[in-house]
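Top to bottom, those sequences are chains A and B.
Residue 98 in our numbering sits at position 98 of the first sequence, and the numbers go up by one each step.
Residue 1027 in our numbering sits at position 27 of the second sequence, and the numbers go up by one each step.
Protein chains: 2
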Amino acid sequence: MGAISLKAKLATFSEHWTPKIVSSFNGHDVMVVKAEGEFTWHSHPDTDDFFLVLQGNLTIKLPDEDVHLGPGDLYVVPRGVEHCPVAHGEVHILIIEPAGTPNTGDEKTAVVKEVI
Amino acid sequence: MGAISLKAKLATFSEHWTPKIVSSFNGHDVMVVKAEGEFTWHSHPDTDDFFLVLQGNLTIKLPDEDVHLGPGDLYVVPRGVEHCPVAHGEVHILIIEPAGTPNTGDEKTAVVKEVI
């Protein structure tokens, strides 16, 4: 397996809020996602949630504050903390989570994460 | 803790091959590093090594091939695989490793990773 171009991977799909797995390391999935508009409030009880914005502007709403991220900004939502990502226009994000983590915090509503 | 600007963090230091910790999640350190020239051949027996190039061009030499990375390209060196990063000019990289992983693969020669 050679270099992975995040831009090239992002060019292969257009769905929003559907993380695609591009690599993995140490039991974690490395994913890219295209986001637009507001996701849902949720939390992950056992895992911190890594966001790195690649393009566009994202707000991560938290119970007590809003965190604003532009390109090249990262934020880790601590485990157990309720959060709601809001994408202003189309936003491209790198996300890292332990393999198998449901994107909505709930197996019943989570998307299946495809490897691309 | 708010958004972390990787560009702002990188602007605070100038040393090469000295990873600085900017965040952490799930037992891993998230680090930025400025690189120039060739590092040393090394491996990490128990951990995969995550590289995402933010600026510049990096070659990761492996026993049987060279992997070339530009901005927005990522590569995971599998655990146990000898590798030698070579930076062409100054290169800025995001690195993620379990907290405490020696950057040279050897506690005796590793740098102390400062939190910035």
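Beta carbons: idealized from backbone N, C-alpha and C, even for Gly.
heavy atom of the ligand NAD below 7 Å from residue i C-beta
{"i": "LYS1108(B)", "result": "In terms of ligand content, the structure shown is empty, and the ligand NAD therefore cannot be addressed."}
For residue j and residue i, the rounded distance between their alpha carbons
{"i": "VAL1076(B)", "j": "ASP1049(B)", "result": "5 Å"}
{"i": "ILE21(A)", "j": "VAL32(A)", "result": "7 Å"}
{"i": "ASP1066(B)", "j": "CYS1084(B)", "result": "9 Å"}
{"i": "ILE1060(B)", "j": "LYS113(A)", "result": "28 Å"}
{"i": "THR1101(B)", "j": "THR40(A)", "result": "36 Å"}
{"i": "GLY1002(B)", "j": "PHE1025(B)", "result": "15 Å"}
{"i": "ILE95(A)", "j": "THR18(A)", "result": "11 Å"}
{"i": "SER1023(B)", "j": "THR12(A)", "result": "30 Å"}
{"i": "THR104(A)", "j": "HIS16(A)", "result": "14 Å"}
{"i": "ASP64(A)", "j": "SER1005(B)", "result": "21 Å"}
{"i": "ASP1073(B)", "j": "LYS108(A)", "result": "33 Å"}
{"i": "PHE51(A)", "j": "ASP1046(B)", "result": "25 Å"}
{"i": "ASN1057(B)", "j": "PRO78(A)", "result": "32 Å"}
{"i": "ALA1099(B)", "j": "ILE1116(B)", "result": "15 Å"}
Cutoff 8 Å: residue i Cβ touching any chain A Cβ
{"i": "ALA1011(B)", "result": "no"}
{"i": "THR1121(B)", "result": "Outside the displayed span of chain B (1001 to 1116) sits residue 1121(B), for which this structure offers no information."}
{"i": "VAL1033(B)", "result": "no"}
Residue i: contacting residues in chain B (beta-carbon distance under 8 Å)
{"i": "PRO98(A)", "result": "ASN1026"}
{"i": "ASP73(A)", "result": "ALA1003, ILE1004, SER1005 and LEU1006"}
Expected contact under 8 Å - CB spacing of residue i and residue j to nearest Å
{"i": "GLU1036(B)", "j": "ALA1110(B)", "result": "GLU1036(B) to ALA1110(B), Cβ: 19 Å. No contact."}
{"i": "VAL1081(B)", "j": "GLN1055(B)", "result": "Not really, about 25 Å apart at Cβ, beyond 8 Å."}
{"i": "ILE93(A)", "j": "VAL30(A)", "result": "In fact, because the Cβ distance is near 12 Å, the residues do not count as touching under 8 Å."}
Neighbouring residues, chain B, relative to residue i (Cβ below 9 Å)
{"i": "PHE39(A)", "result": "Within chain B, no residue comes near PHE39(A); the closest Cβ sits about 17 Å away, beyond 9 Å."}
Residue-level contact to chain B via CB, residue i, 8 Å cutoff
{"i": "LEU62(A)", "result": "no"}
{"i": "VAL30(A)", "result": "yes"}
{"i": "SER14(A)", "result": "no"}
Neighbour flag for residue i against chain C, beta carbons, 8 Å
{"i": "SER1043(B)", "result": "As a matter of chain content, chain C is missing from the structure shown, whose protein chains are A and B."}
Interface residues of chain B facing residue i [CB-CB closer than 7 Å]
{"i": "HIS68(A)", "result": "ALA1003"}
Item to complete: Please list the residues of the region 73 to 88 of chain A that have a C-beta atom closer than 7 Å to any C-beta atom in chain B, keeping them in chain order.
Response: ASP73, LEU74, TYR75 and VAL76
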